[in-house]
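Here is the structure we will look at, set down as structure tokens.
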Amino acid sequence: MKQMIVNPEQRSRAMAEAFSDPARCATRMILLIACAVVGAGANGQESAANLQDAIAGGDFDFEFRYRIETVDQAGFDEDAMASVLKSRVSFRPLDIGNLGFFIELDNVSYIGDDEFNNTRNGKTDFPLIGDPDGTHVNQAYVDFKNESGYIRLGRQRINLDEQRFVGGVAWRQNEQTMDALTVVSNALPNVSLSYSYVHGVSRIWGPENGIPTDYFDSNTHLLNAGIDLAMGGRVVLYHYAMDLENGSALSNQSTGVRFSQTVEGEELSFPFNLEYARQSDYADNPVPYESDYLLLEGGVDTGDMRVLLGYETFGGDVSEPQKMFRMPMATLHKFQGWTDRFLTIPQAGVKDTYVTFTTGGLTLTWHDFNSEAGSAHYGSEWDVSWQYAIGDNYTLLLKYATYDPDTYAADIDKAWIQFTATF
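Residue numbers (our numbering): 10 to 432.
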């Protein structure tokens, strides 16, 4: 047999061409991962002989999360206050061989008057609190699984890495979930591979349709590969091609790499994270653009407390409109301040310099925000939270955030009291 020789230039060109075509790359990735999952054998978990036995032996889980949220925002005569209960019931039958099933229902109800704008009730005299009421299917999927991974079809929660690009927005009472086909494999040593084809996105603004839309019709590919290095640390490579048919201005493709490591000392440890991504327009986005994302993060951990310093920047363009970075499927509340001033990246981009102190259930963070393009100082923010577990089933959370503007957005204060019970 003749050996085919491919020079490095040909190999690099072939890889670049394959990676530049998300559909082609996705097809290859899903076939590779699916073969690894299917070829690895049974999952070895307890299973039932038929559907009746699976249902009879299944488990229910219940969660009740009650929250009072207040918003005092400049420009509004009235303060907003929401008293909201989320009730969740989940059911997982026993597996039938390699098949698994799961369904989860959520109800969001108001206790007392809804003195806030939920985007659906028309109360625009009040500040926004994004928790529309209603009942919906949060998750409902079937799994084919074994010891090396799974193939999942249906409505599902997808949290990739730190959720900076793709996440479930679990903070809001209505969670964001995806109607998707997902393939995950851990068949290769020290390597995790995942691919998702997302047909639709059930957003936090549902279940009733309105503005913003409760549902993105989607033709999205999410590729993610994590590698645990022998030298220590973890590298993640990703390519996310988001085609949002009823949100074309948000359609984008991002290619990036993340490196995380914790250096262990005798008494201290030193975590750090580095990440870079390049984003451009995709599918029917009417604006051609390219933009960059950068994260530099490092800190020290004593075991009892942790200090983390970070610098995060998203690109923008002051000369041409709509050329800033986009994150339509991310868990946004988790980043750049809990007042949610930067859920949408400003035209000139944003640079966030921050310090976080954590000890026990207490977290304190300071942010300083500047434009990425130009020299505007947007403002600063303080965030503080305290969480306390009461036994195994109950949790109390107190949380407060205040944003002091300079050249961007309005002065705003938010406060939360939350009680969660799980059974």
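Quick reminder that beta carbons are idealized off the backbone N, C-alpha and C, glycines included.
Please list, in chain order, all residues of the same chain as Phe424 whose beta carbon is under 6 Å from its beta carbon, the five residues on each side excluded.
According to the sequence as given, residue 424 is Ala; it is not Phe. For Ala424, where only same-chain residues beyond five positions count, the Cβ hits under 6 Å are Thr79, Tyr409.
Taking Gln396 as part of the beta strand (DSSP E), name the residues at either end of that continuous run.
386 to 399
Would you mind reading off the limits of the alpha helix (DSSP H) that contains Ala65?
60 to 65
Buried or exposed for Val175, please, with buried defined as at least 16 other CB atoms from any protein chain shown within 10 angstroms of its CB.
buried
For the segment 262 to 296, which segments carrying the beta strand (DSSP E) assignment without a break, of at least 3 residues, lie completely within its bounds, in sequence order?
278 to 290
Would you tell me roughly how many angstroms separate the C-alpha atoms of Pro414 and Leu137, rounded to the nearest one?
18 Å
When the distance is taken between beta carbons, is Phe281 closer than 8 Å to Val309?
Not closer than 8 Å, so no.
Measuring CA to CA, which of Ala196, Glu306, Lys332 is closest to Ile236?
Here the closest residue by C-alpha is Ala196.
Exposed or buried, Thr431, counting other C-beta atoms within 10 Å across all chains shown (16 or more means buried)?
exposed
Buried or exposed for Leu277, going by 16 or more other Cβ atoms inside 10 Å?
exposed
What does the alpha-carbon distance come out to for the pair Thr311 and Thr368?
10 Å
Ordered along the chain, which non-local residues of its own chain (more than five positions away) have a Cβ less than 6 Å from that of Asn126?
Lys132, Thr133, Phe135, Leu137
If we ignore side chains and look at the alpha-carbon of each, how far apart do Asn147 and Tyr247 end up?
26 Å
Considering just the uninterrupted stretch of the beta strand (DSSP E) at Asp237, what are its terminal residues?
224 to 237
Which residues in the same chain have their Cβ closer than 6 Å to the Cβ of Met314, if we skip the five residues on either side of it in sequence?
Thr368
Grouping DSSP H, G and I as helix and E and B as strand, with all else coil, what is Leu259?
helix
Take Thr36 and list the residues in its own chain whose beta-carbon comes closer than 6 Å to its own, dropping the five residues that flank it on each side.
Only weak support exists for where Thr36 lies, its pLDDT of 49 falling under 50; the coordinates are left without a value.
Nearest by alpha-carbon distance to Ser203: which of Gln165, Val192, Ala398, Asn294 is it?
Val192
May I ask which residues mark the beginning and end of the beta strand (DSSP E) holding Asp145?
In the sequence as presented, Asp is not what sits at residue 145; that position holds His. Note, His145: beta strand (DSSP E), 143 to 155.
Assess contact between the segment 328 to 342 and the segment 386 to 401, defined as three or more Cβ pairs (one per stretch) separated by less than 8 Å. Is contact present?
Judged by Cβ distances under 8 Å, the segment 328 to 342 makes no contact with the segment 386 to 401, as fewer than three pairs qualify.
Reducing DSSP to helix, strand and coil, say where Asn417 ends up.
For the record, residue 417 in the displayed sequence is Tyr; it is not Asn. Of the three classes helix, strand and coil, the one that applies to Tyr417 here is coil, per DSSP.
Going by the beta-carbon positions, is the gap between Ala63 and Ala419 smaller than 8 Å?
no
Taking three-plus beta-carbon pairs below 8 Å as touching, is the segment 256 to 272 in contact with the segment 287 to 299?
yes
With DSSP as the reference, label Thr36 as helix, strand or coil.
Any reading at Thr36 must be qualified, since the residue scores a pLDDT of 49, below 50, and its modelled position is unreliable; no value is offered.
When the distance is taken between beta carbons, is Leu103 closer than 8 Å to Gly158?
no
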